[in-house]
Amino acid sequence: MAQIFPKRANILPILSLVGALLGSVVLIFLVWYYFSPEFTVVGYQPEQPVEYSHRLHAGQLGMDCRYCHNWSENSSHANVPPTQTCMNCHTQVKAQSLRRLKVRQSWA
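Residues in the sequence shown are numbered from 1 upward in steps of one, following our numbering.
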């Protein structure tokens, strides 16, 4: 009796398995990348010209985050505060500190 399928059809299950594995790997990578912080821009931290510590201001001093990031409730991201916001406190607190020199220069 003659064969229904040619001999090259024997490789079809192997190719299907390899294709399914490669497709699964690509799908897993795409899902991983889609939910990664790089794609969703979670944890964005712009380059800071002035050294700033959230641990000090929001942590130890207990400042409300919304004092500086006043658009955080109305926006998809927290804004970078203007110099005036910093100087509201730093005209009185550590006003002559050399670490605040860039802040004072940008405010003037």
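In this text, a Cβ means the ideal position worked out from N, Cα and C, and glycines have one as well.
With 16 other CB atoms within 10 Å as the buried threshold, where does residue i fall?
i      : result
Cys65  : exposed
Arg100 : buried
Identify, in the order they occur along the chain, each residue of the same chain with its Cβ nearer than 7 Å to the Cβ of residue i, setting aside the five sequence neighbours on each side.
i     : result
Val50 : Lys102, Val103
CB-CB under 6 Å to residue i, same chain, minus the five flanking residues each way: which ones, in chain order?
i     : result
Gln45 : none
Measure from the alpha carbon of residue i to the alpha carbon of each residue in the options, then state which is nearest.
i      : options                    : result
Ala78  : Cys86, Cys68, Val31        : Cys68
Trp107 : Met87, Val25, Ser97, Ala95 : Met87
Report the three-state DSSP secondary structure of residue i (helix, strand or coil).
i      : result
Glu38  : helix
Tyr33  : helix
Gln105 : helix
What does a CB cutoff of less than 8 Å around residue i pick up in its chain, not counting 5 residues either side in sequence?
i     : result
Tyr33 : Phe39
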